[in-house]
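A.B. asks:
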Amino acid sequence: MLAEVVEKLKKTKLKAAVPAGPGDVECDICTGRKHKAVKSCLVCLESYCQTHFERHEEFHSGKRHKVIDATGRLQQMICQKHEKLLEVFCRTDQQCVCMLCAMDEHKNHETVSTAAERTEKEKHLKETQSEIQQRIQQRQKDLEQLREAVESHKRSAQTAVEDSERIFTELIRSIERSRSEVTQRIRDQEKTAVSRAEGQMERLEQEIEDLKKRNTELEQLSHTEDHIHFLQSLQSLSAPPESTENISVSFLFSFDGVRESVCQLRLKLEDFCKEEMKKISVTHSNIVPRTREDFLQYSEMAEASVFSVEQFSCPVCLDLLKDPVTIHCGHSYCMSCITDCWDQEDQKRVYSCPQCRQTFSPRPALGKNTMLAEVVEKLKKTKLKAAVPAGPGDVECDICTGRKHKAVKFCLVCLESYCQTHFERHEEFHSGKRHKVIDAIGRLQQMICQKHEKLLEVFCRTDQQCVCMLCAIDEHKNHETVSTAAERTEKEKHLKETQSEIQQRIQQRQKDLEQLREAVESHKRSAQTAVEDSERIFTELIRSIERSRSEVTQRIRDQEKTAVSRAEGQMERLEQEIEDLKKRNTELEQLSHTEDHIHFLQSLQCLSAPPESTENISVSVLFSFDGVRESVCQLRLKLEDFCKEEMKKISVTHSNIVPRTREDFLQYSHQFTLDPNTAHKHLSLSEENRVVTYTHTPQPYPDHPDRFDRYYQVLCRESVSGRCYWELEWSGSDVYISVSYKSISRKGSGCECLFGYNDQSWRLSCSPSSFSFRHNNKETELPVSSSCRRIGVYVDHRAGTLSFYSVSDTMNLIHTVQTTFTQTLYPGFYVWGRQSSAKLL
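As structure tokens, then:
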């Protein structure tokens, strides 16, 4: 044995065997540290390093084994069922199969050799390559056009700047106003809006963190081998964490209105500025504004990794050699083991080696092999270091005596947990049996039936729980039952859907967070610009309006920068798409030259579809600045000598101005009528379809696809557009005042049909005792009195504002929400209860 060990050491040192690195194919024969494989045998279905390949060739020198360069796709080339080479292609199922599959499951299918199918597929491959090349040419053309448009836009901006500066030098005077008040207003509103945005960002970051945590938990659960734990844990993890409120940036308004107000001066031609100064604006299309850580693993006792523990195990007791002795044939045993064996042969006076059966007579004298003993002692130390004692929270080995070691595997047949040492013995002892083994778990009691002490290997779909076989044929006899593995397969589909939804929500929330951050920065920039502009203008007490040229110039430059930046982003995406297309074309070209038909057919499907195209490229954002020159020219023509009228009071306003008084609201008033085709049969419409009343007697409405058939609801015929206000009076016990998308479901009793219980509708619930608001099944109790029976509803669709007011002598806000409306809205009502009604005013 010692001679063999020395010989192996020599070969190990002499041969420059290359250890397998990341991404390399490992040798299937090497023990200990794996070497890099150089060849794969399609008959033996194994990969070999240079050393083991030479041995393979020597051993099979008289046979013709098909050998290819080492491949990490060996398992993909082999039938998982028959362990045969996938040399047939089933056109019916579009997959590679082995000859046995072709004669069995695919017997009546259209099958051809992989080589023949490759020839056919290569035709489509060439077509795909041709399409990709055409797309590359088209995208290169688009890129060139976009570059030309950017240059044209820059020239237009430069011309506008030069023209506006020339004209502004001809303007005479400007009026100064008290700048401190306006500056303070800007700063106060900036502080309020930014504070509100920062609160939303904190909630968004928390939601993203919760979603990532849930996604990690689901990902970890998807990799568990324990079907029972999977099914028991999935229910509590399948529902994603609650979402925060809809994020809106509409309150982060622009301060462009300040600059506009400052510029709106009424000028007189003689003593006073006689005409209103034209608002100078630059119009534009909607411009919306770890590295991998490598971990180095260090091994102790490197010399022990060259040999396996089995080499130094006693063939009799199968444990590490104790007091090793080497007999004349060269085999080694424990002193006590070989002594016991030979003691039983004393009567024959002939002693044999338990391994090779070589006989000895007389009985050989035994002496301890000191060198072998030293090697075994080193192995013992290594093994002791490798065995990790069980710590708090670890699963303990059920076999260890004394100090328990950490369990690494659990046998579902023996129902025991094993450390690495005892697991290896378990595998040796049950080498001829198929025991199902999973990673060690501490949930053993959860996997065992408390009544029968059997494994919970059946899932009852009727009761949605794991049961044992005895339970399945007893208490759950007539229930729908399947194996836990089958139910897991079914549940994994829903798990993937849940993970996909969570990932989409993470992406959406990250996008919302980024947009909110950008909006905050844009808001701060806008506030800063407004302060600077107003201070500059306010310091010009009877000065020429040429001061305004810097503002206009800055506007031009800012919008030029924004538009060019957006165009450059489009150019980057175009360049990336061109690069992706060229890469895909190269991959297809390389695939066309591979000699491996199986790899060709398996890889073609995922490569045949070209990369997704970017959005359609538009140059409409690269507008012309001709309007600036026209506005400045009109201003110059209307000014003669001096601005003699005080500048109008400038207020800090923004685009989303909410009305304050009832008169303000009434200027947005709209008349609505109820749609009889949507009314539930227990709702009666009257007064030219402007009053809805609950009635116990069904109404003779005809069947209609738009009619609510389970909930007492009705929608209006007219939609809400722009800014819209309407009033109504309610009475009775339960009335919901709603706005809803037209796409809300009408049939059935699910949440998707009921106002406020889905993302399609928003509602104010009115009852004699309280008001509450509900959207997407999230309810908010409102601490306001419900005594008011007249309600005003205000919607600013573009700004995403929905507000409810109690209407009396004054307008009192009940509740408001800020969201983003993605569809047209329709007013609606839910009316239930005796004498309950709603009347549109």
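In the UniProt record's numbering, the protein residues as written are 1 to 841.
No residue lacks a Cβ here, since even glycine has one placed at the ideal position from N, Cα and C.
Could you give the uninterrupted runs of the beta strand (DSSP E) lying entirely in the region 362–422, keeping only those of 3 residues or more?
C.D. replies: Those beta strand (DSSP E) runs which fall completely within the region 362–422 and span 3+ residues are 409–411, 416–418.
A.B. asks: I'd like to know whether the C-beta atoms of cysteine 101 and valine 112 end up nearer to each other than 9 Å.
C.D. replies: Contact flag unset, no.
A.B. asks: For the alpha helix (DSSP H) that contains threonine 51, what are its first and last residues?
C.D. replies: Start and end: 50–59.
A.B. asks: Return the Cβ separation of serine 787 and serine 770 in integer angstroms, given the expectation that the two are a contact with Cβ distance under 8 Å.
C.D. replies: Going by Cβ atoms, the distance from serine 787 to serine 770 rounds to 11 Å, so no, they are not a contact pair.
A.B. asks: Going by the beta-carbon positions, is the gap between glycine 72 and valine 25 smaller than 9 Å?
C.D. replies: Yes.
A.B. asks: Give me the residue from Leu782, Leu825, Asp734, Tyr725 with the minimum Cα distance to leucine 840.
C.D. replies: It is Tyr725 whose Cα lies nearest to the Cα of leucine 840.
A.B. asks: Quick test of your reading: threonine 339 and valine 350, contact by CB under 8 Å. State the CB separation rounded to the nearest angstrom.
C.D. replies: Contact flag wrong, Cβ pair sits at about 16 Å.
A.B. asks: Can you name, in chain order, every residue of its own chain whose Cβ lies under 6 Å from the Cβ of glutamate 270, other than the five neighbours on each side?
C.D. replies: Legend: pLDDT at glutamate 270 = 36, less than 50; position of this residue unreliable, value from coordinates given subsequently. Within the same chain, glutamate 270 has no close Cβ partners at all.
A.B. asks: With a 10 Å radius around its C-beta and 16 neighbouring C-beta atoms as the bar for buried, classify asparagine 478 as buried or exposed.
C.D. replies: Looking at its Cβ environment, which holds fewer than 16 other Cβ atoms inside 10 Å, asparagine 478 is exposed.
A.B. asks: Verify whether the separation of the beta carbon atoms of isoleucine 581 and arginine 139 is less than 9 Å.
C.D. replies: One point to set straight first is that residue 581 is leucine, not isoleucine, in the sequence displayed. The answer is yes: Cβ separation under 9 Å.
A.B. asks: Take glutamate 110 and list the residues in its own chain whose beta-carbon comes closer than 8 Å to its own, dropping the five residues that flank it on each side.
C.D. replies: Cys90, Arg91, Thr92.
A.B. asks: Check whether the region 678–688 and the region 696–714 touch, using three or more Cβ-Cβ pairs below 8 Å as the test.
C.D. replies: Contact between the region 678–688 and the region 696–714 is present, because at least three Cβ pairs lie under 8 Å.
A.B. asks: Taking all protein chains shown into account, do 16 or more other C-beta atoms lie within 10 angstroms of the C-beta of alanine 609, making it buried, or fewer, making it exposed?
C.D. replies: Result: exposed.
A.B. asks: Using CA atoms only, rank isn't needed, just tell me which of Gln499, Leu125, Glu518, Lys348 is closest to glutamate 217.
C.D. replies: Here the closest residue by C-alpha is Gln499.
A.B. asks: Have a look at arginine 660 and serine 613 and give me their C-alpha separation to the nearest angstrom.
C.D. replies: Their Cα atoms are separated by approximately 48 Å.
A.B. asks: Near leucine 813, what residues of its chain come up, given a Cβ to Cβ distance below 7 Å and the 5 sequence neighbours on each side ignored?
C.D. replies: Correct list, in chain order: Ser803, Tyr805.
A.B. asks: Distance check for glutamate 688 and isoleucine 506, CA to CA, integer angstroms please.
C.D. replies: Approximately 48 Å, taken between the alpha carbons.
A.B. asks: Just checking my contact of alanine 440 with lysine 409 at CB under 8 Å: how many whole Å lie between their CB atoms?
C.D. replies: Alanine 440 to lysine 409, Cβ: 6 Å. Contact.
A.B. asks: Hey, out of Pro324, Ile228, Tyr668, Thr780, whose CA is closest to glutamate 377's CA?
C.D. replies: It is Pro324 whose Cα lies nearest to the Cα of glutamate 377.
A.B. asks: Leaving out five residues before and five after threonine 462 in sequence, what residues of the same chain have Cβ atoms less than 6 Å from its Cβ?
C.D. replies: Result list for threonine 462: His479, Glu480, in chain order.
A.B. asks: Helix, strand or coil: which one does DSSP assign to isoleucine 791?
C.D. replies: It is a strand residue.
A.B. asks: Can you have a look at lysine 451 and say buried or exposed, based on whether 16 or more other CB atoms are within 10 angstroms of its CB?
C.D. replies: With fewer than 16 other Cβ atoms within 10 Å, it is exposed.
A.B. asks: Check whether chain C comes within 9 Å of valine 831, counting only Cβ atoms and requiring the distance to be less than that.
C.D. replies: Annotation note: the requested chain C is absent from the structure, which comprises a single protein chain.
A.B. asks: Over the uninterrupted beta strand (DSSP E) stretch that includes aspartate 439, give me the two end residues.
C.D. replies: Segment 437–439, the beta strand (DSSP E) holding aspartate 439.
A.B. asks: Does the beta-carbon distance from lysine 454 to methionine 469 come in below 9 Å?
C.D. replies: Result yes, Cβ atoms of lysine 454 and methionine 469 sit closer than 9 Å.
A.B. asks: Excluding sequence positions up to five away, which residues of its chain have a Cβ less than 7 Å from the Cβ of serine 233?
C.D. replies: Excluding residues within five positions, the ones whose Cβ falls inside 7 Å are Leu221.
A.B. asks: State the beta-bridge partners of phenylalanine 459 as determined by DSSP.
C.D. replies: According to DSSP, phenylalanine 459 bridges with Cys466, Val482.
A.B. asks: Say yes only if the C-beta of serine 180 is nearer than 8 Å to one or more non-hydrogen atoms of the ligand ZN, and no if none qualify.
C.D. replies: As for the ligand ZN, it is missing from this structure, which has no ligand bound.
A.B. asks: Pick from Arg834, Thr553, Ala838, Glu207: whose alpha carbon is nearest that of serine 164?
C.D. replies: Minimum Cα distance to serine 164 is reached at Thr553.
A.B. asks: Going by DSSP, what residue range makes up the beta strand (DSSP E) through residue 851?
C.D. replies: Examination of residue 851 is not possible in this model, given that the chain is present from 1 through 841 alone.
A.B. asks: Hey, quick one: how far does the beta strand (DSSP E) through aspartate 809 stretch, first residue to last?
C.D. replies: Element bounds for aspartate 809: n/a, residue is neither H nor E.
A.B. asks: Would you mind working out which of Asp734, Tyr668, Lys742, Leu728 sits nearest glutamate 718, comparing C-alpha positions?
C.D. replies: The shortest Cα separation from glutamate 718 among Asp734, Tyr668, Lys742, Leu728 belongs to Lys742.
A.B. asks: Is the beta carbon of alanine 70 closer than 9 Å to that of valine 18?
C.D. replies: In this structure, alanine 70 does not lie closer than 9 Å to valine 18 by Cβ.
A.B. asks: Quick one: what does DSSP say serine 749 is sitting in, helix, strand or coil?
C.D. replies: Three-state result, serine 749: coil.
A.B. asks: Check for me: the alpha helix (DSSP H) holding cysteine 41 runs from which residue to which?
C.D. replies: Looking at the DSSP string, cysteine 41 is not in any alpha helix (DSSP H); the run it does join, the beta strand (DSSP E), is 39–41.
A.B. asks: Quick one: is arginine 403 buried, meaning 16 or more other Cβ sit within 10 Å of its Cβ, or exposed?
C.D. replies: The residue is exposed, with fewer than 16 neighbouring Cβ atoms inside 10 Å.
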